[in-house]
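Each residue of the sequence shown is one higher than the one before, starting from 0 at the first, in numbering that gives the first Met the number 0.
From the three backbone atoms N, C-alpha and C, an ideal C-beta is built for every residue, glycine too.
Given the structure is predicted, the values throughout are model-derived calculations rather than measurements.
What follows is a set of notes on a single structure, which appears directly below.
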Amino acid sequence: MVQRYPTKKIFIKDVAIGGDAPISVQSMTFSDTRDVEATLEQIKRLHFAGADIVRVAVPDMEAAKALKEISEQSTLPLVADIHFHYKLALEAAKWVDAIRFNPGNIGEKSRIKEIVKACKERNLPIRVGVNAGSLEKEFEQKYGTTAEGMVASAEYNIKFLEDLGFTDIKVSMKASDVQRTVEAYRMLRPRNNYPFHLGVTEAGTLHHATIKSAIGLGALLLDGIGDTMRVSITGELENEILIAKDILKDSGRLQEGLNIISCPTCGRIEADLVSAVAEVQERTKHIKKPLNVSVMGCVVNAIGEAKHADVAIAYGKGVGLIMVKGKQVAKLPESELVDRFVQEVEKLANEGE
Ligand code: SF4
0 MVQRYPTKKI FIKDVAIGGD APISVQSMTF SDTRDVEATL EQIKRLHFAG
50 ADIVRVAVPD MEAAKALKEI SEQSTLPLVA DIHFHYKLAL EAAKWVDAIR
100 FNPGNIGEKS RIKEIVKACK ERNLPIRVGV NAGSLEKEFE QKYGTTAEGM
150 VASAEYNIKF LEDLGFTDIK VSMKASDVQR TVEAYRMLRP RNNYPFHLGV
200 TEAGTLHHAT IKSAIGLGAL LLDGIGDTMR VSITGELENE ILIAKDILKD
250 SGRLQEGLNI ISCPTCGRIE ADLVSAVAEV QERTKHIKKP LNVSVMGCVV
300 NAIGEAKHAD VAIAYGKGVG LIMVKGKQVA KLPESELVDR FVQEVEKLAN
350 EGE
């Protein structure tokens, strides 16, 4: 497997990003940030789903002031998302754990200096977050909304911060299509060592966002690029975390929970495999220990898969086999297979605890 690109390690509160730190997963609330209770409720949901970091929009001063109470009660490190208004950044910097803003769209240098000073005082990192849809005019005129334009904007904003002696930076460059996003990250990666926040922006509803993110983020992760990530989906918050974790697992960047191998079924099937896999998934989703399991429709491929699986089922006609570490441990009626399978998985999951 390709080694991860060696990046600088920064911290958002107690969550490390970059270097040898695990790739963290983050999301963003969609509540009105001025509504403290609703925002905290969404943060709680994200925490429960397994998020490491949460970002909140700060559209006005009332929202910036609400961050005090939100940060006091938040169960996740908090990032403030700021556009254009330096006073909002200054207020937010009193309460949150990191700021996302682009120096280029704040205006006067003295204002940027004030924000950087406030961040330095509280050890807050800054995310330079380039979005292809809102490039600075000069770069859009020169490059259009291309990957080159995104990289030029990122480097311009990074230099702004570096010139002020600030290097606790992470960088994102998001476009709504996969090709530009991947191209931009690949282009910028060898040119600095700041940690990268990966994402495809405005990726769409569940189905399309999953595909776009799996292709884009997956390609980058396989290249060894990426230190933290967000899968953005129009829909339920929890799905963002679930899918991000699955992308990490299938890219080999996260060892956590069950890797379930199941066959697509074919004319040889003589059991209800679809229901069996769904039941296995539901009954084992709490398990964190990394285990390979397989649930196969017949013995044709089941024995081969079972050799590499910690626990396996091979269905037959009305009966099936349970295998542990490639060895048959039981032959049972179909109705008892999932129960026994889950028992064996639980046993392995609890081993060494
Ligand atoms: S394991 Fe058996 S049922 Fe499943 S796809 Fe292969 S041959 Fe078909």
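**Asked** By the 10 Å Cβ neighbour count, where 16 or more other Cβ atoms means buried, how is G319 classified, buried or exposed?
**Response** buried
**Prompt:** Name the DSSP beta bridge partners of M375, please?
**Reply:** Within the shown structure, residues of the chain are numbered from 0 to 352, placing residue 375 beyond reach of any answer.
**Message:** Going by DSSP, what residue range makes up the beta strand (DSSP E) through D338?
**Reply:** Taken as a continuous stretch (DSSP letters only), D338 belongs to no beta strand (DSSP E), being part of the alpha helix (DSSP H) at 333-349.
**Asked** With distances taken from CA atoms, which of R3, E120, Y184 is nearest A146?
**Response** Y184
**Asked** Quick one: is the Cβ of R121 within less than 6 angstroms of any heavy atom of the ligand SF4?
**Response** R121 Cβ: outside cutoff for every heavy atom of the ligand SF4.
**Item:** Start and end residues, alpha helix (DSSP H) containing G148
**Value:** 146-162
**Asked** Where does the unbroken alpha helix (DSSP H) through D249 begin, and where does it stop?
**Response** 236-249
**Item:** Stretch-stretch touch, CB-based, cutoff 8 angstroms, three pairs: the region 107-115 with the region 158-165
**Value:** yes
**Asked** Does the region 256-269 come close enough to the region 224-240 that 3 or more CB-CB pairs lie under 8 angstroms?
**Response** no
**Asked** Taking just the CA atoms, how far does R282 sit from R3?
**Response** 33 angstroms
**Prompt:** Say the cut is 6 angstroms; is the CB of I268 nearer than that to a heavy atom of the ligand SF4?
**Reply:** yes
**Request:** Could you tell me if the beta carbon of G296 falls within a distance shorter than 6 angstroms of some heavy atom in the ligand SF4?
**Result:** yes
**Alpha-carbon to alpha-carbon, K287 and V359** = Any property of residue 359 remains undetermined from this structure, which presents the chain solely from 0 to 352.
**Request:** Determine, using beta-carbon pairs with one atom in the region 3-19 and one in the region 233-250, whether at least three such pairs fall under 8 angstroms.
**Result:** no
**Message:** Quick check: the Cα distance between D222 and N130, rounded to an integer number of angstroms?
**Reply:** 22 angstroms
**Request:** Just tell me which of A65, G325, L290 has its CA closest to the CA of E304.
**Result:** G325
**Prompt:** Roughly how many angstroms separate the alpha carbons of G17 and I224, rounded to a whole number?
**Reply:** 10 angstroms
**Request:** Flag V299 as yes when its Cβ comes closer than 6 angstroms to any non-hydrogen atom of the ligand SF4, and as no otherwise.
**Result:** When distances are taken from the beta-carbon of V299 to the heavy atoms of the ligand SF4, the shortest one is below 6 angstroms.
**Request:** Pair every Cβ in the region 27-43 with every Cβ in the region 207-217, then say whether three or more of these pairs are closer than 8 angstroms.
**Result:** The region 27-43 vs the region 207-217: no contact.
**Asked** Does the Cβ of Q25 have 16 or more other Cβ atoms within 10 Å, making it buried, or fewer, making it exposed?
**Response** It counts as buried.
**CB of L66 within 7 angstroms of CB of A48, strictly** = no
**Message:** Quick check on A79: does DSSP put it in helix, strand or coil?
**Reply:** In this structure, A79 counts as strand in the three-state DSSP scheme.
**Nearest candidate by alpha-carbon position, reference K248, set P289, L45, G266, R267** = P289
**Buried versus exposed call for P76 [16 or more other C-beta atoms within 10 Å across all chains shown]** = buried
**Top-ranked residue by Cα proximity to M149, from G132, G164, V323** = G132
**Asked** Is it the case that the Cβ atoms of Y314 and A277 are separated by a distance below 7 angstroms?
**Response** no
**Beta carbon of T204 nearer than 7 angstroms to that of T233** = Note that the C-beta distance between T204 and T233 is below 7 angstroms.
**Request:** Have a look at W94, L89, I42 and flag the residue whose alpha-carbon is nearest the alpha-carbon of V115.
**Result:** Of the candidates W94, L89, I42, the one whose C-alpha sits nearest the C-alpha of V115 is L89.
**Prompt:** For the alpha helix (DSSP H) that S133 lies in, which residues bound it at each end?
**Reply:** Careful: S133 lies outside any alpha helix (DSSP H) and carries neither H nor E.
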